[in-house]
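Worksheet: one structure, shown below.
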Amino acid sequence: MHDTAVLVVGGGPAGCATALSLARHGVPFLIARRPSPARGYGEHLAPEARPLLRQLGAEGVWQSPAHRPCAAFRVAWGSRAFLRRDAVSNPDGPGLALDRAVFDADLAALVPPDRTLPVGHLVEVARDRGRWLALFRNGGWALAVAADILVDATGRGAACSRRVGAERRRGPDLVALHHRGVPTEACADGGAFSIASGPQGWCYAVRLADESLVSVLVCLSEPALARPASRAASWQEALRSLRLPAPRLPEGAAPRLVPCGPQQLAPPAGAGWLGVGDAAVAFDPVTGGGIARALQSGIAAADAVAAHHSGDSAAFGRYAEAEQATAVALDREALRTYRSARENGAFWRIMAAD
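Printed below as a string of structure tokens:
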């Protein structure tokens with residue numbers, strides 16, 4: 001049995017940001033994370049993430065050669081003509097074309113090893129005499145942790161929070177179809193992050209530092225996408241029609257499907273626990289800045305935990321109110337973005353509706 005003041009469950013960006021910030025506050029903690037490597041792909045890391053990493057003592061993660069500086073966007077939103085938007089004026093510098101698996105691993109490596117618990121599946125969370133008891137199991141072994149405060153950083157599944165009675169309020173059922181591989185032809189994007197809207201939804205494509213290409217279609221979930229052949233056909237047709245580059249897809253293979261619709265935990269915090277990152281508020285990817293948001297959420301959660309640990313009984317309530325306000329603001333931003341495309345089709349009718 002392990003015993004600690006704070007147990008952080010989940011080792012993604014939000015969980016690691018919480019852990020690193022708790023360490024800087026001097027609050028005792030353990031972080032329980034799966035030892036298997038993240039199945040990351042390419043995405044854009046906004047420049048706003050850099051000062052957050054600096055605050056965590058993790059700016060070296062930004063400077064990894066696995067990521068490519070991305071100083072421009074090629075955007076065809078509500079138009080079939082691409083416009084180039086440079087980001088060089090941002091005071092934090094350009095963003096990054098991010099290798100997500102490398103980023104997550106580098107961030108996790110900064111958490112002190114003696115504060116990290118490699119765990120299997122979470123099987124139980126229970127309240128026992130004013131404290132939390134979490135049980136993890138992997139095959140034939142089990143691990144139990146007792147803690148005063150529980151931080152749920154398990155992502156969209158919100159595995160801890162749902163076990164203590166919180167609900168997930170979900171928006172439209174969006175999915176991302178993504179594949180990373182060798183470009184089928186030379187990319188003429190000048191290293192920019194390319195985004196385009198179309199009848200099925202919207203797509204992006206980005207080259208990473210190793211010259212691999214990641215191309216993604218964000219669309220509404222439908223039963224046909226359960227079939228690999230249908231996923232491959234939808235993904236390829238969307239990219240082709242929007243004139244975005246696609247990596248080579250091996251014969252018989254299909255892009256991976258991951259849920260990415262907006263959802264909110266209700267409530268995002270309670271007596272002795274709080275959700276962080278996607279577990280608290282998972283927002284529509286069209287708003288961008290997902291990883292920066294996860295880092296910010298982790299820092300705010302650690303601040304609330306530190307205040308609570310020092311006797312501030314209202315700290316979790318303020319944190320919950322801030323998360324709820326963030327969810328409202330991001331929903332409004334997503335709605336404005338979808339309406340600005342003025343596209344037709346079922347996807348756009350749903351996403352642009354009040």
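Throughout the sequence shown, residue numbering follows the UniProt record's numbering, covering 1 to 354 in sequence.
All residues carry an ideal CB built from backbone N, CA and C; glycine is no exception.
The structure presented is a predicted model; accordingly, all values stated were derived computationally and were not measured.
Practice task
Helix, strand or coil for residue 253, going by three-state DSSP, please let me know.
Solution key: Within the sequence shown, the letter at position 253 stands for residue 253. Residue state, collapsed to three classes: coil.
Pairs of beta-carbons, one from the segment 124-141 and one from the segment 215-224, closer than 8 Å: are there three or more? no
Next item on the list: Quick one: grab the DSSP three-state call for residue 154.
Entry: Taking the sequence shown and counting its residues from 1, one reaches residue 154 at position 154. Three-state result, residue 154: coil.
Q) What are the boundary residues of the beta strand (DSSP E) that residue 194 is part of? A) Residue mapping note: residue 194 aligns to position 194 of the sequence shown, counting from 1. Element bounds for residue 194: 193-198.
* Based on the DSSP output, what are the partners of residue 359 in its beta bridges? -> Outside the shown range of the chain (1 to 354) lies residue 359, about which nothing can therefore be said.
Buried or exposed: where does residue 248 fall if 16 or more other Cβ atoms within 10 Å of its Cβ makes it buried? Taking the sequence shown and counting its residues from 1, one reaches residue 248 at position 248. Residue 248 is exposed by the Cβ-count criterion.
Review point. How far does the beta strand (DSSP E) with residue 164 in it reach, from first residue to last?
Key: Within the sequence shown, residue 164 is the residue found at index 164, counting from 1. Per DSSP, residue 164 belongs to no beta strand (DSSP E) and is neither H nor E.
**Q.** Contacting residues, own chain, Cβ-Cβ under 6 Å from residue 50 (five flanking each side not counted)
**A.** The residue labelled residue 50 in the question sits at position 50 within the sequence shown. 62, 92, listed in sequence order.
- Message: Threshold first: 3 residues or longer. Then list the beta strand (DSSP E) segments lying entirely within the segment 106-146, N to C.
- Response: 116-118, 121-128, 131-138
Out of 19, 11, 14, 12, which one is the CA nearest neighbour of residue 4? Taking the first residue of the sequence shown as 1, we reach residue 4 at position 4. Minimum Cα distance to residue 4 is reached at 19.
By alpha-carbon positions, which one of 82, 108, 348, 283 ends up nearest to residue 34?
For this step, residue 34 is matched to residue 34 along the sequence shown. Taking only the C-alpha atoms, the option nearest residue 34 is 108.
Original post:
Considering only C-alpha positions, which residue in the set 117, 115, 340, 147 is nearest to residue 130?
Top reply: Numbered from 1 along the sequence shown, position 130 holds the residue referred to as residue 130. Per the Cα distances, 147.
- Message: Below 8 Å on the Cβ atoms is my contact criterion, and I expect residue 319 with residue 300 to pass it. Report the Cβ-Cβ distance as a whole number of Å.
- Response: On the sequence shown, position 319 is the one that residue 319 refers to. On the sequence shown, position 300 is the one that residue 300 refers to. Their Cβ separation, rounded to whole angstroms, is 6 Å, which keeps residue 319 and residue 300 in contact under 8 Å.
Exercise. Tell me, to the nearest whole angstrom, how far the beta carbon of residue 152 is from that of residue 276; I am working on the premise that it is less than 8 Å.
Key: As a working mapping, residue 152 is identified with position 152 in the sequence shown. As a working mapping, residue 276 is identified with position 276 in the sequence shown. Rounded, the Cβ-Cβ distance is 7 Å, consistent with contact.
For residue 16, does the three-state DSSP call read helix, strand or coil? The residue labelled residue 16 in the question sits at position 16 within the sequence shown. Three-state DSSP puts residue 16 in a helix.
For this session: Could you tell me whether the segment 324-333 touches the segment 280-287, where touching means 3 or more Cβ pairs closer than 8 Å?
Result: yes
* Reference residue 308, options 261, 197, 350, 149, closest by Cα -> What you label residue 308 is simply residue 308 of the sequence shown in a count that begins at 1. Among 261, 197, 350, 149, the Cα nearest to that of residue 308 is on 149.
Open item on the list: Rounded to whole angstroms, what is the Cα-Cα separation between residue 70 and residue 2?
Closed with: Translated into the one-based positions of the sequence shown, residue 70 becomes position 70. Translated into the one-based positions of the sequence shown, residue 2 becomes position 2. Taking the straight line joining both Cα atoms gives about 43 Å.
_Below 8 Å, how does it come out for the segment 165-177 and the segment 255-267: are there three or more Cβ pairs, yes or no?_
yes
Check your understanding: Under a three-way DSSP split, which group does residue 402 fall into?
Key -> A question about residue 402 goes unanswered here, because the residues of the chain that appear run from 1 up to 354.
Same chain only: Cβ atoms within 6 Å of residue 46, ignoring 5 sequence neighbours per side: The residue you call residue 46 lines up with position 46 of the sequence shown. Cβ within range, chain order: 95, 289, 292.
Continuous beta strand (DSSP E) stretch holding residue 179: start and end:
In the sequence shown, residue 179 corresponds to position 179, counting from 1. Here the beta strand (DSSP E) through residue 179 covers 174-181.
If you draw a straight line from the alpha carbon of residue 214 to that of residue 112, how long is it in whole angstroms? Walking along the sequence shown from the start, residue 214 turns up at place 214. Walking along the sequence shown from the start, residue 112 turns up at place 112. Approximately 32 Å, taken between the alpha carbons.
Simplified DSSP state of residue 328, which is helix, strand or coil: By 1-based counting over the sequence shown, the position of residue 328 is 328. Three-state result, residue 328: helix.
* Asked: Where does residue 338 fall in DSSP's three states?
  -> Along the sequence shown, read from residue 1 onward, the residue named residue 338 stands at position 338. Looking at residue 338 - three-state DSSP - the assignment turns out to be helix.
task = Starting from residue 309, follow the alpha helix (DSSP H) in both directions and report where the run begins and ends.
result = Taking the sequence shown and counting its residues from 1, the one referred to as residue 309 is at position 309. From DSSP, the alpha helix (DSSP H) with residue 309 extends over 290-309.
By the 10 Å Cβ neighbour count, where 16 or more other Cβ atoms means buried, how is residue 298 classified, buried or exposed? The sequence position of residue 298 within the sequence shown is 298, counting from 1. Burial call: buried.
Practice task
Have a look at residue 183 and residue 9 and give me their C-alpha separation to the nearest angstrom.
Solution key: On the sequence shown, residue 183 is found 183 positions in, with the first residue counted as 1. On the sequence shown, residue 9 is found 9 positions in, with the first residue counted as 1. Their Cα atoms are separated by approximately 37 Å.
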